[in-house]
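For the sequence shown, counting from 1, position 5 maps to 5 in full-length UniProt numbering; every step adds exactly one. Glycine is no exception: its CB is placed at the ideal position from the N, C-alpha and C atoms.
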Amino acid sequence: MPEEMLQINVGTLTAGATVVSVTTNPDFAKLQLVTPVCCSIGEQIAISRRVDKHFRLIGWGTIRRGAAITLK
C-alpha cells in the first residue's frame, strides 16, 4: 500500500520507512527511509507492520539499490 509506514531491520539497525510504490510482477516495493542506514547491496532486511500496539513481522526483502550520502 503506497504511503504506509513500516519498520525495517537492517542488521542490528531498526528504521522507519514509507512505502512509495509497489509493483505486481515481480513483487517490488520502493521505500523512503526516515533515517539513513548503512548497508550493502544484496543485504537482507526484515519488514514489520504495526498491528494494534506492536510491530509484527510481515516479510523480508533484499536491498537492490540505494544512494550514498555524505555525513557532516
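Using a 10 Å radius around the Cβ and a threshold of 16 neighbouring Cβ atoms, would you call residue i buried or exposed?
i: I58; result: exposed
i: I41; result: exposed
Thinking C-alpha only, which one of the options is nearest residue i?
i: L71; options: C38, W60, Q44 and H54; result: C38
i: L6; options: T12, G66, A67 and L31; result: L31
i: A67; options: N9, P36 and S21; result: P36
May I ask you to report which of helix, strand or coil DSSP gives residue i?
i: A67; result: coil
i: N9; result: strand
i: T18; result: strand
Please report the straight-line C-alpha distance between residue i and residue j, rounded to a whole angstrom.
i: I63; j: Q44; result: 6 Å
i: D52; j: T18; result: 18 Å
i: A46; j: I69; result: 23 Å
i: G61; j: E3; result: 18 Å
i: T14; j: L33; result: 11 Å
Just curious, the beta strand (DSSP E) that residue i is in, first and last residue?
i: G59; result: H54 to T62
i: I41; result: No beta strand (DSSP E) holds I41; DSSP gives it neither H nor E.
i: K30; result: A29 to L33
Does the Cβ of residue i lie closer than 6 Å to at least one heavy atom of the ligand ADP?
i: R56; result: This structure lacks the ligand ADP; in fact it carries no ligand of any kind.
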